Amino acid sequence: MPLSHSSTALISSPVVAAVVFIIFSGHLTTSFSQDAVYSNCNRTFTCGSLQNITYPFTGGDRPDYCGPSEFRLSCRDNYAEFNSNSFTYRVLQINQIEKTLTLARLDLWNNTCPQIFVNSTLNSSIFDTSVGNDDLTMIYGCSPRVPVNPPNLFSCNVSGANSSDSYYMIGPVPTDPLMRFMKCDVSITVRLLSEAAFRLSSNRSTVGEVLMEGFNVNYSDPFDKQCLECIESGGQCGFDSNSGEPVCVCGDRPCPAGAPAAGNSVKVNVPLTVGLSIGGAAIFGIGLGWFIFSWRQKKKRPAAQSAQTETKDLLTPSSKSLTTPRTNFSQSIPSYPSLSS
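Per this note's numbering, residue 23 is the first one in the sequence shown, and the count goes up by one each step.
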């Protein structure tokens, strides 16, 4: 059914133009919001002596969505801190080439008498403390008191304990002869750098000093392979906490399907995205205008053809009227005898 003149007017009216603009403005806003979700993943984490820390770690100028939650850092009083299983650690060193950390329990920083006597643990599927460390066991509220003060004796007032005598031991506790005749209330075991443990056993360092040297941690990122492929293709590594999967970020948005162009994808930014979106809207508007123009031209063609038909119809009777006299004239010529007769 052909459109009426009123329908044509509606299509070409400013109302439709406004509707088209609103639709594309909404699309542009949505695209911009989605693009901005993964912004700033090219930034680094810096706190005190730790400089320019990148993926998989997040914190500071690096938003949480730029890496797995297990590697989240914070900065307090110019010291980096790391939380795991309700424990806070001071981060003394990060080597991203060797993928190692040096951590120290914050509750034992310059303190040998914690408020809570609990062993700390890390996620063993990601963090490994078996290399370069020894066990340090600290035993609290021990009695009776030995007649001679051993070098591993220190004092700590434990709530509910009858004694403040405490001892530290390196290595397996059952092998220590002191435990054969002594009763203690509570103990904790922490990891200690092997080098620091040797100095402590040689009485060249105090237990408080070696605790602040921390312990060694080897870490592994479960998504290291995907991240490496992303970096090699020119992207930045991010992480989607909802799906639990890594995200390759181009500029400030997830990269399109397939590998991004090396060296080019990181140059995608918000102004370019906005420009492309506006350009798409402009192209759509031009196409819509051309469609309306073509439709109008098609509407005009039947009218023009009708006018031509009417013109032909008017010309046809005149032609017949001129032909008839010519025929009659030829028939009215008299016949004369031949001169040869």
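From the three backbone atoms N, C-alpha and C, an ideal C-beta is built for every residue, glycine too.
Bear in mind the structure is a predicted one, so any value in this text is a computation, not a measurement.
Exercise. Could you please give the first and the last residue of the uninterrupted beta strand (DSSP E) stretch that includes Phe104?
Key: That run of the beta strand (DSSP E) goes 101-106.
Self-check item: Residue from Pro166, Leu175, Ser177 with nearest C-alpha to Met204
Solution: For Met204, the closest alpha carbon among the candidates Pro166, Leu175, Ser177 is that of Pro166.
Self-check item: Any C-beta of chain B under 9 Å from that of Cys252
Solution: Any reference to chain B falls outside this structure, which holds one protein chain only.
Practice problem: Name, in chain order, the residues that DSSP records as bridge partners for Tyr162. | Solution: The bridge partners DSSP lists for Tyr162 are Val208.
Quiz prompt | At least 3 beta-carbon pairs within less than 8 Å: the region 90-104 vs the region 170-183 | solution = Taking a cut-off of 8 Å for Cβ pairs, the region 90-104 and the region 170-183 do not touch, as fewer than three such pairs fall below it.
Quiz item: In the structure shown, what three-state DSSP assignment does Ile116 receive?
Solution: If DSSP states are grouped into helix, strand and coil, Ile116 belongs with the strands.
Exercise. Let me know if Asn238 comes out buried or exposed under the rule of 16 or more other beta-carbons within 10 Å of its beta-carbon.
Key: Buried, because 16 or more other Cβ atoms sit within 10 Å of the Cβ of Asn238.
Quiz item: Given Pro339, which residues of its chain have a CB within under 7 Å of its CB, disregarding the five upstream and five downstream residues?
Solution: For Pro339, the predicted structure reports a pLDDT of 47, less than 50, and the residue's modelled location is therefore unreliable. A value from the coordinates is still provided. So the list is empty, once near-sequence residues are dropped.
Quiz item: Can you check whether the CB of Gly163 is closer than 9 Å to the CB of Val180?
Solution: Yes.
Quiz item: For the alpha helix (DSSP H) that Gln248 lies in, which residues bound it at each end?
Solution: That run of the alpha helix (DSSP H) goes 246-254.
Quiz item: Three-state secondary structure (DSSP) at Gly260?
Solution: The three-state secondary structure of Gly260, taken from DSSP, is strand.
Quiz item: At which residues does the alpha helix (DSSP H) containing Ser216 begin and terminate?
Solution: Where Ser216 is concerned, the enclosing alpha helix (DSSP H) stretches over 216-223.
Exercise. Please state whether DSSP places Thr186 in a helix, a strand or coil.
Key: Residue identity differs from the one stated: residue 186 is Ser in this sequence, not Thr. Of the three classes helix, strand and coil, the one that applies to Ser186 here is coil, per DSSP.
Practice problem: Return helix, strand or coil for Cys135, following the three-state DSSP convention. | Solution: Coil at Cys135, not helix or strand.
Exercise. Report buried or exposed for Ser242, applying the criterion of at least 16 other Cβ atoms within 10 angstroms of its Cβ.
Key: That one is exposed.
Practice problem: To the nearest angstrom, report how far apart Leu114 and Leu125 are at their CA atoms. | Solution: Rounded to the nearest whole angstrom, the C-alpha separation of Leu114 and Leu125 is 6 Å.
Self-check item: Close-in-space but distant-in-sequence residues of the same chain around Gln248 (CB under 7 Å, 5 per side omitted)
Solution: Excluding its 5 nearest sequence neighbours in each direction, Gln248 has C-beta neighbours in its own chain below 7 Å: Pro268, listed in chain order.
Quiz item: Hey, would you say the C-beta of Gln258 is under 8 Å away from at least one heavy atom of the ligand SAM?
Solution: Absent from the structure shown: the ligand SAM. Ligands present: none.
Self-check item: Boundaries of the beta strand (DSSP E) in which Leu130 is found, first to last residue
Solution: No beta strand (DSSP E) contains Leu130, which DSSP labels as neither H nor E.
Self-check item: Sub-9 Å separation of Gly82 and Cys97 beta-carbons
Solution: In this structure, the beta-carbon distance from Gly82 to Cys97 falls below 9 Å.
Self-check item: Assigned secondary structure, Cys178 (DSSP; H/G/I helix, E/B strand, else coil)
Solution: The DSSP-derived three-state label of Cys178 is coil.
Self-check item: Backbone secondary structure at Phe93 - three-state DSSP
Solution: Helix at Phe93.
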